[in-house]
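Sequence order for the protein chains is U and F.
Under our numbering, think of the first position of the first sequence as 70, with each following residue one higher.
Under our numbering, think of the first position of the second sequence as 23, with each following residue one higher.
We treat Cβ as the ideally placed atom computed from N, Cα and C, and that holds for glycine.
Remarks on the structure that follows.
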Amino acid sequence: MKYQSQAVAKPYFIAAIGLFLGQILFGLIMGLQYVVGDYLFPAIPFNVARMVHTNLLIVWLLFGFMGAAYYLIPEEAERELFSPKLALAMFWIFLVAGAATILGYLLVPYATLAEMTGNNILATMGREFLEQPLPTKVGIVIVALAMLFNLSMTVLKGRKTAINLVLLLGLWGLAIFFLFSFYNPANLVKDKFYWWWVVHLWVEGVWELIMGAMLAFVLIKVTGVDREVIEKWLYIIIAMALISGLIGTGHHYYWIGTPEYWQWWGSVFSAMEPIPFFMMTLFAFNMVNRRRREHPNQAAVLWALGTGVMAFLGAGVWGFLHTLAPVNFYTHGSQITAAHGHMAFYGAYALVVLTMISYTMPILRGREANSRKAQVVEMWAFWLMTIAMVFITLFLTAAGILQIWLQRIAAEPMGFMAAQDQVALFYWMREITGLVFFTGLVLYIVSFFIKGEEARAS
Amino acid sequence: MNIAATLPASHDQPRTLPGDLAIWFFIFAELLVFGVFFLAYAFARARNVELFDASQLQLDRISGAINTALLISSSYFVVRAVDRIRHGASHACAGWLVAAMTLGGAFLVLKLTEFAGKFAAGITMSTNTFFMFYIGLGFFHFMHVVLGMIILGWVAHKAWRGGYSAANHAGVETGASYWHMVDLVWIVLFPLIYVMH
């Protein structure tokens, strides 16, 4: 690596992969609970498994983003990180806080956890994805602010490029919008309204900036295409992401008690949201086709191309599928949402973090690329996880269509649980595919331990 | 001075896109959003012609017409500004841009007065579908005028300080292109929402 301080990225990436493994294990547990309702009850009830599954996802992606930022910012700014010690301290604080939170979920009832952690002082708990106890939320803010201070100081004193500025903007946005997790009005409509300012404005707003910057960084490195070309793409992509994504929040405001005009605004703007993702696909393939060098790390190129395609399919196509108000009237909160959630998170955010890890990890370990053998295993991991995710999405989509028909459209609509029974076959198939995904993940981890001679540019 | 650049574009010469390519992506994206909204308006109106016609009568067409004149004139001023910089006249270019921004400012004042009148009459986006479009689209376009003025202001400032020349003035063309888009959208929006019955 070019700068010593980039090494702080390594523990972040290792933690990210570890938590990713945890996320998938809990996904498998919960997937089984869909069809075997009392599996592991009362030790791990469904609601707890779900909370752990989604919270681990968020936390490992945050670890990934942070690690990526600590690697990327010094290289782009062309100077050492302002304070590597601060970055390492934050790593341990975040890891301990994250682990304690997950243990809290698993070991004590949620209500007890709330009592123990001062939820009576400022009630922030009990909301989907934002279940973290108050001290954890405060911890996230401290870690994020310390990171932003560290990175901003580095950029202020160093070279400013489109990539590091877009990344910083995205990370600042991430921290700022998270503050809405502390606002928990008693009015349920307002509560949901601002809850989306964290959830939607993260994944369909500022995270897209982070993703765009990371993808652009890796593409510059592995293709050798001119920075000017890549930066122009990046600008257009983030402009499109913000134009469509900000007001696109309206697609969550159709049926929660907000004014009716959101059905128009949400539909029109969110219908544009696939555009930036489609541009990312074009971007990745175009840059790779115009490459001016053969980078020895072919696995990283594969992950980057995979990000382009899967982000467009998962976030773009599966998002558009149910974003228009007249369609969403039937589909909201069904397995269609779950299908979209799975492929979008995997395609956009899991894959972009894995792209970054794939490119940087060999360098952090002192070589430009892993051995041919290790890369082959890594690529197998890519295909297994990606194909498994495609099928998980398809099965959930099938389950969703059937569920909506039985529960909301049929002449004599069924109750929720009765409809769930009817789609059990798809849940079984999803669970089996989940095992394939898990196998892919294990292979991925194994690939880090395969030795051999460093691959050279062909 | 580059003589070729000072000559008016002839139709025999190969024509290139004025300004930065990136702004054209941006312009197309904006037109797409407005286009979808215009289509949505058309469909919503077709399903409820009477309500739309009755609500439309409450609009101030004179104010809308003046605003149309203001924006078209401002677009002409922007054309003059581009022409001036092609001749290397930086200060004249900045002057025309400021004139265009002044008309843009007048548009905003008039539009705000119009909105204030509607709000005073108790009309909001929730009154009915017509007013949802009138206020929503009007406000969305309003914000584009504001953004357009910021861009023109930036360009005018740079032009005044001699940042452009007859040979190198892509920035002026970029700003001008965006401003024409803002004007163009209004030219569709005005007849569609204020006039067409």
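Please report the straight-line C-alpha distance between A87(F) and A122(F), rounded to a whole angstrom. Straight-line spacing of the CA atoms in A87(F) and A122(F) works out to 17 Å.
Which residues in the same chain have their Cβ closer than 7 Å to the Cβ of L211(F), if we skip the five residues on either side of it in sequence? Here the set comprises L159, H163.
Could you tell me which of I307(U), W264(U), A156(U) sits nearest to I211(U), measuring between CA atoms? Out of I307(U), W264(U), A156(U), A156(U) has the C-alpha closest to the C-alpha of I211(U).
If you run the structure through DSSP and keep just helix, strand and coil, what is E523(U)? The three-state reading of DSSP puts E523(U) in strand, counting E and B together.
For S148(F), the three-state DSSP class (helix, strand or coil): Coil at S148(F), not helix or strand.
Residues in the same chain with beta-carbon distance under 6 Å from A310(U), minus the five sequence neighbours each way, listed in chain order, please. Only E277, P345 meet the Cβ criterion.
C-alpha gap between I470(U) and R69(F), whole angstroms: Cα to Cα, I470(U) sits roughly 29 Å from R69(F).
DSSP state of S440(U) mapped onto helix, strand, coil: DSSP places S440(U) within a strand segment (E or B) once states are collapsed to three.
Supposed contact pair L92(F) and F129(F) - C-beta distance, whole angstroms, cut 8 Å: Taking C-beta atoms under 8 Å as the contact rule, F129(F) and L92(F) qualify, at a distance of about 5 Å.
Is the separation between the beta-carbon of E149(U) and that of N233(U) shorter than 8 Å? For E149(U) and N233(U), no; Cβs fall outside 8 Å.
Could you pull the start and end residues of the alpha helix (DSSP H) that S427(U) belongs to? Unbroken alpha helix (DSSP H) run through S427(U): 420–433.
List the residues of chain C whose Cβ lies closer than 7 Å to the Cβ of E329(U), in chain order. Looking at the structure shown, chain C is missing, and the protein chains on hand are U and F.
When DSSP labels each residue in this structure, what does D490(U) get in the three-state scheme? Here D490(U) carries a helix assignment [DSSP, helix/strand/coil].
Of the listed residues A255(U), K206(U), D260(U), K259(U), nearest to I245(U) (C-alpha basis): Nearest option by C-alpha distance: K206(U).
Quick one: residues in its chain with C-beta nearer than 6 Å to the C-beta of A31(F), no 5 flanking neighbours on either side, listed in chain order? Here the model assigns A31(F) a pLDDT of 49, short of 50, so the residue's position is not dependable, and the following value carries that caveat. A distance below 6 Å between beta-carbons, with the five flanking residues on each side excluded, links A31(F) to no residue of its chain.
For T193(U) versus W265(U), is the C-beta spacing smaller than 8 Å? Not closer than 8 Å, so no.
The alpha helix (DSSP H) enclosing R108(F), as first and last residue numbers: Here the alpha helix (DSSP H) through R108(F) covers 83–108.
Starting from the C-beta of L73(F), find all residues in its chain whose C-beta is less than 8 Å away, skip the five residues before and the five after it, and write them out in chain order. These residues qualify, in order along the chain: N150, T151, F152.
Using a beta-carbon distance below 8 Å, is V30(U) in contact with chain F? Outside the modelled stretch of chain U, which goes from 70 to 527, sits residue 30(U), for which no answer is possible.
At 7 Å on the CB atoms, spell out the chain U contacts of A44(F), in chain order. Those are K301, Y304, I305, listed as they occur along chain U.
Taking only beta-carbon atoms, is W324(U) less than 8 Å away from chain F? False, the Cβ-Cβ gap to chain F never drops below 8 Å.
Kindly list, in the order they appear in chain U, the residues whose Cβ is closer than 8 Å to that of F81(F). Checking the sequence, you will find Leu at residue 81(F) rather than Phe. Ordered by position in chain U, no residue passes the 8 Å Cβ test against L81(F), which lies about 18 Å from the chain.
So, does the CB of V58(F) fall closer than 8 Å to a CB anywhere in chain U? Output row for V58(F): interface = yes.
Could you run through the segment 308–321 of chain U and flag, in chain order, every residue whose CB is less than 7 Å away from some CB of chain F? The residues in question are A308, M309, I312.
At a Cβ threshold of 8 Å, is A468(U) touching chain F? No - not a single Cβ of chain F is within 8 Å of the one on A468(U).
Output yes or no for whether 8 Å exceeds the beta carbon distance between A44(F) and K71(U). No, they are not a contact pair.
Relative to the C-alpha of Q491(U), which residue among V121(U), Q476(U), L504(U) is closest? Taking only the C-alpha atoms, the option nearest Q491(U) is Q476(U).
Are the segment 221–230 of chain U and the segment 160–179 of chain U in contact at 8 Å, needing three or more beta carbon pairs? The way I'd put it, the segment 221–230 of chain U doesn't touch the segment 160–179 of chain U; fewer than three beta-carbon pairs between them come closer than 8 Å.
Taking 6 Å as the limit between beta carbons, can you name the residues of its chain near I17(F), skipping five residues before and five after? Any question about residue 17(F) goes unanswered here, given that chain F covers just 23 to 219.
CB contact check: G117(F) to chain U, cutoff 8 Å: Put simply, the CB of G117(F) is far from chain U, with every gap to its CB atoms at 8 Å or more.
K528(U) classed as buried or exposed, judged by whether at least 16 other C-beta atoms fall within 10 angstroms: Because residue 528(U) is not part of the residues shown, which for chain U are 70 to 527, the question remains open.
Just how far apart, CA to CA, sit E297(U) and F398(U)? Rounded to whole angstroms, E297(U) to F398(U) spans 44 Å at the Cα level.
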